[in-house]
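Residue numbers (full-length UniProt numbering): 1 to 289.
Shown next, in structure tokens, is the structure this report addresses.
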């Protein structure tokens, strides 16, 4: 959910001790109040023109996930540098390699299927914080590179199909997906994929149609259009969440130094100590290989 709460010391915990089941701080709303997202059960799609602020939002999510207990990262970044600071923390870091991207998505789907078998055996419908199973966060920066640029048409279609399956399955088994693109068009974000994302953030777009492709058909005509965001207002976006109506937000900004400092600190907190308790299923990722 999105929530607006007073800014108190108790309201914004700092890792270690964070969980992906905690609401994630992503920025402020138009009234200056903090905005939080429960990404764990929703998935997040963000899109808009280059330089609009998408990477800032993505790095906020990465930073939270990296500091969380019992959380694993799977990162797709054909440009290498947007998610590069987090590569040493990731179980898998996929650059401009469509074959590797497809292989990793297949493995993730095997893990998701195994988790649903576990949920069924335990008479459950979704994973909870107390289950002890790791959260696997998949983050894709520049979706278009894998779905329209790299590889053959057949590989691109396979990637898109596998991604649609992961977004469909991941939300209830502790495997949320965060995806971003600077090309909000129907060939990149078809409605069948877009509608699987519970959260959608539209950063500045050049047209009403592009804004509608991200948020959903008809919102621009009602006045909720990312085309009215100033080019100089980086980080501003329309966020569609459980409230059902887009709201203006400003994503928190992390400098490159901030990002690398958080990544280094997260790596330090994740260092082997020899005293940690293993997860319920510590080898499921390896078993899916």
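Think of the CB as a built atom: it goes at the ideal place given N, C-alpha and C, for glycine as much as any other residue.
In this text the structure is predicted, and so the values were computed from the model without any measurement.
Those residues which DSSP pairs with residue i across a bridge
{"i": "residue 250", "result": "28 and 236"}
{"i": "residue 201", "result": "46 and 239"}
{"i": "residue 68", "result": "18"}
{"i": "residue 75", "result": "93 and 139"}
Where residue i falls: helix, strand or coil (DSSP)
{"i": "residue 113", "result": "helix"}
{"i": "residue 34", "result": "strand"}
{"i": "residue 18", "result": "strand"}
{"i": "residue 272", "result": "coil"}
{"i": "residue 173", "result": "coil"}
{"i": "residue 181", "result": "strand"}
{"i": "residue 216", "result": "coil"}
{"i": "residue 338", "result": "The requested residue 338 does not occur in the structure, where the chain is confined to residues 1 to 289."}
{"i": "residue 165", "result": "helix"}
{"i": "residue 245", "result": "coil"}
{"i": "residue 5", "result": "For residue 5, the predicted model reports a pLDDT of 45, less than 50, meaning its position is unreliable and no value from the coordinates is stated."}
{"i": "residue 188", "result": "coil"}
{"i": "residue 259", "result": "helix"}
{"i": "residue 229", "result": "coil"}
Residue i versus the options, residue with shortest Cα-Cα distance
{"i": "residue 76", "options": "70, 69, 55 and 67", "result": "55"}
{"i": "residue 180", "options": "37, 30 and 48", "result": "48"}
{"i": "residue 102", "options": "84, 131, 163 and 88", "result": "163"}
{"i": "residue 31", "options": "247, 171 and 197", "result": "247"}
{"i": "residue 249", "options": "25, 237 and 258", "result": "237"}
{"i": "residue 174", "options": "109, 150, 193 and 219", "result": "109"}
{"i": "residue 98", "options": "89, 153 and 253", "result": "153"}
{"i": "residue 219", "options": "188, 233, 239 and 230", "result": "239"}
{"i": "residue 34", "options": "270, 251, 170 and 272", "result": "251"}
{"i": "residue 28", "options": "17, 20, 21 and 37", "result": "37"}
{"i": "residue 374", "options": "20, 88 and 82", "result": "Because the chain is modelled from 1 through 289, residue 374 falls outside the range shown and cannot be assessed."}
{"i": "residue 57", "options": "119, 112, 245 and 139", "result": "139"}
{"i": "residue 261", "options": "19, 20 and 85", "result": "85"}
{"i": "residue 244", "options": "228, 216, 259 and 234", "result": "216"}
Residue i Cβ short of 7 Å to the ligand GDP heavy atom set
{"i": "residue 187", "result": "Ligands displayed in this structure: none; no statement on the ligand GDP is therefore possible."}
Go through the segment 34-59 residue by residue and report every complete run of the beta strand (DSSP E) that reaches 3 residues or more, in order. Considered as a whole, the segment 34-59 harbours 34-37 and 44-47 as its complete beta strand (DSSP E) runs of no fewer than 3 residues, in chain order.
Between the segment 184-202 and the segment 61-73, can you find at least three pairs of beta-carbon atoms closer than 8 Å? Taking a contact to require three or more Cβ pairs closer than 8 Å, the segment 61-73 and the segment 184-202 do not qualify as touching.
Complete alpha helix (DSSP H) runs within the segment 82-142 (minimum length 4 residues, chain order): Annotation note: the segment 82-142 contains the following uninterrupted alpha helix (DSSP H) runs of length 4 or greater, listed N- to C-terminal: 98-121.
Is the number of C-beta pairs between the segment 59-68 and the segment 132-148 that are closer than 8 Å three or more? With three or more CB-CB distances shorter than 8 Å, the segment 59-68 counts as touching the segment 132-148.
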